[in-house]
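Protein chains in written order, with my numbering: chain A, 7 to 143; chain B, 7 to 143; chain C, 7 to 143; chain D, 7 to 143.
All C-beta atoms, glycine included, are put in the ideal place defined by N, C-alpha and C.
Protein chains: 4
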Amino acid sequence: MRDTLQALSSTATFNRWAGFEVVRAEAGEAELQMDWRAEDMGQYAGFLHAGLIGALLDTACGFAAATVAGQVTASHFSVNCIAPGVGRRFVVRARVVKAGRRQVFTTAELFGQGEDGELRLVATGNTILVPLEAPAR
Amino acid sequence: MRDTLQALSSTATFNRWAGFEVVRAEAGEAELQMDWRAEDMGQYAGFLHAGLIGALLDTACGFAAATVAGQVTASHFSVNCIAPGVGRRFVVRARVVKAGRRQVFTTAELFGQGEDGELRLVATGNTILVPLEAPAR
Amino acid sequence: MRDTLQALSSTATFNRWAGFEVVRAEAGEAELQMDWRAEDMGQYAGFLHAGLIGALLDTACGFAAATVAGQVTASHFSVNCIAPGVGRRFVVRARVVKAGRRQVFTTAELFGQGEDGELRLVATGNTILVPLEAPAR
Amino acid sequence: MRDTLQALSSTATFNRWAGFEVVRAEAGEAELQMDWRAEDMGQYAGFLHAGLIGALLDTACGFAAATVAGQVTASHFSVNCIAPGVGRRFVVRARVVKAGRRQVFTTAELFGQGEDGELRLVATGNTILVPLEAPAR
């Protein structure tokens, strides 16, 4: 499962640019990580850009959904910016809340990992995905 | 105003990487554009990545808020993915819905611009921002 | 159309209790109003309760969607609380942003109407609805 | 704490009408319940109305926030409608994700409880609240 998702991730040019790595995947869950690069990932104050916060949350949610619903496409995502995005690396953990036939609801947490290895909550997110082969009612 | 925001944008390494260009800014409104690059902006199907959709919406909302509220930081954003992100260029228009003392509510629309120059709606978004010098009640 | 939606509204016991009145409905748009009752609609400070703010926004969005997509069910809604819910009457205007085969995206604004008849923005909302007879891909 | 929140709830006329009961409250957490009444709580298909789903989620989030942040007011809430709102009683559990000086982020789950006593997930929600005595930076 992890390898399948990593291969899927590699087909996305943005994911390759950002260096998303799938570190865990099982039924209804996925975990990604990404190394911080100051030279092209920062917002104006030097923290992780909200676009990358959203990208990590949305991608992990999509992968968690894919473990149970096959190919999906995101229709909605929301992000709560809890704390500045600081870390040497960022870790995001997503899980499926409910996999319906027409929509998959997922939730995720994004952490910054400092030099001490400790994870600190940076943002939370929720995503709604639509299975590409959703059946008619 | 446009130049001030473009200068602010240039301090963000992600904005420089993505090539965000401020094309318009006035009281409570901002418009950005970004040229499409297939080699590092795509999701797995080759459309604009959700992370960049979120980045464009969130950044335009932040700039619209900055025109009336000074320095702000995003606390929440949500994105509706209306249609696949296809275009040679992407254009995002944001406006302030309400600028309160403690929170600024903004909304934005993201369009893909094709070879014919026509704009097609790709996504909508809403952002809540907190003024950095918010007064106590 | 207005009469059809008013009849639909009357089948919902909560809508009858709240006194929702459909004042306008056309392709992709709907407008509802509700008279304020201090004795059972207030939150702790005496303003319109967030539950009723959400109910008005969500119901108007559902009705706007129904004008173009037939029977729908809400899967997600979000509410921005812009100003205290004050008024003798509340008016909500919703419109469809995009009616897809699988999901309908809508947006709405809720106003409080004072003694002077003027409308003041209280809240905005976004709703995603799923058509009950959504086709398979 | 439970008694304080129940007393606060009783000052809201909508909460009294709906019969919200605070069943648990501790630092950063709150649980409410509400008995189902078909005669004034239903949507058109006879399930719990989205307005009450939102009201329960938002109120529980507000109470969870109040346990750590004193008086708060909701600025944003979002609701995922996971399954039809069916039950003899509804139970909502909220917890604080992060209590900042300017904003409190909370999340909640709403369950329907059937004749068998079992809880089934109906909806999830997220709320952002602003402390009424938020300090200036």
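Asked                                                                                                                                                               : Found
Could you pull out every residue in the same chain whose Cβ sits closer than 8 angstroms to the Cβ of A/H73, ignoring the five residues on either side in sequence? : Strictly speaking, residue 73 of chain A in this sequence is Thr, with His absent from that position. These residues qualify, in order along the chain: M7, L11, A31, E32, A33, G34, E35, A36, V102.
Three-state secondary structure (DSSP) at C/F83?                                                                                                                    : strand
Just tell me which of B/L14, B/G48, B/F26 has its CA closest to the CA of B/L38.                                                                                    : B/F26
Who are the near neighbours of A/A100 in its chain, counting only those whose CB is closer than 6 angstroms to its CB and skipping five residues on each side?      : A36, A66, C67, A70, T112, A114
Measure the C-alpha to C-alpha separation of D/R108 and B/Q109 and round it to an integer number of angstroms.                                                      : 9 angstroms
Does the count of Cβ pairs from the stretch 50-62 of chain A and the stretch 90-99 of chain A closer than 8 angstroms reach three?                                  : yes
Please classify D/D122: is it buried, with 16 or more other beta-carbons within 10 angstroms of its beta-carbon, or exposed?                                        : exposed
Anyone know if the C-beta pair for B/V29 and B/V97 falls short of 9 angstroms?                                                                                      : yes
Using the beta-carbon of each residue, which ones in chain C are nearer than 9 angstroms to D/V47?                                                                  : Residue identity differs from the one stated: residue 47 of chain D is Met in this sequence, not Val. Per Cβ cutoff of 9 angstroms: T19, F20, W23.
Ignore the nearest five residues each way along the sequence and tell me which others in D/R143's own chain have a CB closer than 7 angstroms to its CB.            : Here the model assigns D/R143 a pLDDT of 39, short of 50, so the residue's position is not dependable and the matter cannot be decided.
Taking only beta-carbon positions, decide if A/L38 is within less than 9 angstroms of chain B.                                                                      : no
From D/A129 to C/V78, what distance separates their C-alpha atoms?                                                                                                  : 17 angstroms
Is DSSP giving D/R8 helix, strand or coil here?                                                                                                                     : helix
Taking beta-carbon pairs under 7 angstroms, can you tell me which members of the stretch 112-133 of chain B lie near chain A?                                       : none
Along chain C, in chain order, which residues have C-beta atoms closer than 8 angstroms to that of B/V136?                                                          : Residues of chain C passing the Cβ test: none, with the nearest at roughly 14 angstroms.
Compare the C-beta of A/I59 against all C-beta atoms of chain D and say whether one is closer than 9 angstroms.                                                     : no
Is the CB of A/R108 under 9 angstroms away from at least one CB in chain C?                                                                                         : yes
For B/V103, which residues in chain C fall below 8 angstroms Cβ to Cβ?                                                                                              : N86, I88, L127, T130
Which residue marks the beginning of the beta strand (DSSP E) containing C/L127, and which one marks its end?                                                       : 125-137
May I ask which residues mark the beginning and end of the alpha helix (DSSP H) holding A/A72?                                                                      : 56-75
Tell me where the beta strand (DSSP E) around C/T113 begins and ends.                                                                                               : 110-119
On the CB-based measure, 16 or more other CB atoms within 10 Å of its CB, does C/D64 come out buried or exposed?                                                    : buried
Where C/P137 and C/L58 are concerned, what is the direct C-alpha to C-alpha distance, given to the nearest angstrom?                                                : 24 angstroms
In this structure, does DSSP put C/D122 in helix, strand or coil?                                                                                                   : coil
For A/A80 and chain B, any beta-carbon pair shorter than 9 angstroms?                                                                                               : yes
Report the rounded CA-to-CA distance for B/G118 versus A/S81, giving the unit in angstroms.                                                                         : 17 angstroms
Does the beta-carbon distance from C/A61 to D/G60 come in below 9 angstroms?                                                                                        : yes
Which same chain residues end up closer than 7 angstroms to A/L127 when comparing Cβ atoms and leaving out the 5 residues on each side of it in sequence?           : I88, A89, E115, F117
Can you check which of these residues, B/S84, B/A24, B/M47, is closest to B/I134 by C-alpha distance?                                                               : B/S84
Return no unless some Cβ of chain F is closer than 9 angstroms to the Cβ of C/F96.                                                                                  : Among the chains of the structure shown, chain F does not appear; the protein chains present are A, B, C and D.
Give a yes or no on whether the minimum CB-CB distance between C/R143 and chain D is below 9 angstroms.                                                             : Low confidence applies here, because C/R143 scores a pLDDT of 39, under 50, leaving its location unreliable; read the following figure in that light. So, not an interface residue.
Is it true that the CB of B/M47 sits closer than 9 angstroms to the CB of A/W23?                                                                                    : yes
Report the rounded CA-to-CA distance for A/S16 versus A/W42, giving the unit in angstroms.                                                                          : 18 angstroms
Under the three-state reduction of DSSP, which class applies to D/A89: helix, strand or coil?                                                                       : coil
Could you tell me whether the Cβ of C/A33 comes closer than 9 angstroms to any Cβ of chain D?                                                                       : no
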